[in-house]
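Data first, discussion second: the structure below is written as structure tokens.
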Amino acid sequence: MKISLKVFRKIARNNPIYILGILFFVLLTSCNTTKFLKEDEVLLKGVDVKLISKDKVANPSDLKSELIQFYKQTPNGKFFFVPREWYYFRNQDEGDTTWIKKWTKRMLAEPPAILDSVHVDDASKDMQMYLRNKKGFYKAEVSHNIKKDGKIANVQFIIDPKKRYTINDLHYISLDKKLKPIIDSLAQYQLIKKGDPIDALKFDLEQQRIVSELQNMGYANFNLNYIDIKGDSTNLINSIDI
28 MKISLKVFRK IARNNPIYIL GILFFVLLTS CNTTKFLKED EVLLKGVDVK LISKDKVANP
88 SDLKSELIQF YKQTPNGKFF FVPREWYYFR NQDEGDTTWI KKWTKRMLAE PPAILDSVHV
148 DDASKDMQMY LRNKKGFYKA EVSHNIKKDG KIANVQFIID PKKRYTINDL HYISLDKKLK
208 PIIDSLAQYQ LIKKGDPIDA LKFDLEQQRI VSELQNMGYA NFNLNYIDIK GDSTNLINSI
268 DI
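Residue numbers (the working numbering): 28 to 269.
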């Protein structure tokens, strides 16, 4: 159906929002980037983390944010509602050296995020190792689900952290008897306490705190290599003596 320019202007005056909707739809359809993909390529459009656990997880949003660092791939961004990979595909002609083409490639374009199942597998393994070795979720299980719809894919990492281990008891031991009273005095300002969840970052901070305090007291050569953290979970349930 053809519409004359006069009729179109009349519609636009009376229904500006309707016309904007049409223009926006035309813009989106013209920016479909899947048409540029090879036959075996699928565009990654979404990645998220889903927590499933029978046990309550403290600060679940914070934990999800920490796991983002293990994404091997992330979807392309957008500029003015247009996917950045569209600018990439539309500016691949090496013979075109106009300044606008160069600027677009440099400032707006992003190589397309093509789904790589190997990267997804690696990310799952890294998340599981992080939860077990760094966060005290020693029985954590991580899996993933790849949902494809034509040339579009969404990845969801499914996290079952299970029960998090906590500190049952905490002792500071010094092999140097002269240093023991000083270590005991420093312990009152400790950053980790009984009942705290196991967290490698907090242990690192506590080690650094002790080193800094002793160096300020004149033990200039004291360093992190002189501190060791050991745990014992014998006869304990979901907790460790440190």
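Note that CB positions come from ideal geometry on N, CA and C, so glycine has one too.
Just so you know, these numbers come straight off a predicted model, no measurement behind them.
To the nearest angstrom, report how far apart threonine 60 and alanine 136 are at their CA atoms. Distance between the alpha carbons of threonine 60 and alanine 136 is about 12 Å.
Using alpha carbons as the reference points, say which of Lys65, Asp223, Ser88 and Asn118 lies closest to methionine 134. Taking the Cα of methionine 134 as reference, the smallest distance to any Cα among Lys65, Asp223, Ser88 and Asn118 is reached at Asn118.
Continuous beta strand (DSSP E) assignments of at least 3 residues falling wholly in the region 180-265: If we require 3 residues or more, the beta strand (DSSP E) runs fully inside the region 180-265 come out as 193-196.
Which of helix, strand or coil DSSP assigns to serine 80: DSSP places serine 80 in coil when its eight states are reduced to three.
Going by DSSP in three states, glutamate 168 sits in which element: helix, strand or coil? Glutamate 168 falls in the strand class under three-state DSSP.
Return the CA-CA distance between phenylalanine 51 and lysine 105, expressed in angstroms with no decimal places. Model confidence at phenylalanine 51 stands at a pLDDT of 44, short of 50, so the residue's coordinates are unreliable; what they give is reported in the following sentence. Computed Cα separation, rounded: 15 Å.
Quick one: is the Cβ of lysine 72 within less than 7 Å of any heavy atom of the ligand GDP? Inclusion of the ligand GDP in the displayed structure is not the case, the ligand content being empty and no account of it being possible.
When we look at the beta-carbon of valine 169 and count the other beta-carbons within 10 Å, is it buried (16 or more) or exposed? Within 10 angstroms of the beta-carbon of valine 169 lie 16 or more other beta-carbons, which makes it buried.
Looking at the structure shown, is aspartate 268 part of a helix, part of a strand, or coil, going by DSSP? The answer is strand: DSSP assigns aspartate 268 an E or B state.
Between the CA atoms of phenylalanine 249 and aspartate 131 - distance to the nearest angstrom: Sequence check: residue 131 is threonine here, not aspartate. In a straight line, the C-alpha of threonine 131 is about 53 Å away from that of phenylalanine 249.
DSSP three-state label for aspartate 67, please. Coil, per DSSP.
So, at 6 Å on beta carbons, what are the nonlocal neighbours of arginine 191 in its own chain, with the 5 sequence-adjacent residues on each side left out? Setting aside the 5 residues that flank it on each side, arginine 191 is surrounded in the same chain by Gly163, Phe164 and Pro224, each with a C-beta closer than 6 Å to its C-beta; the list follows chain order.
Can you tell me where the alpha helix (DSSP H) holding phenylalanine 116 begins and where it ends? Element bounds for phenylalanine 116: 111-117.
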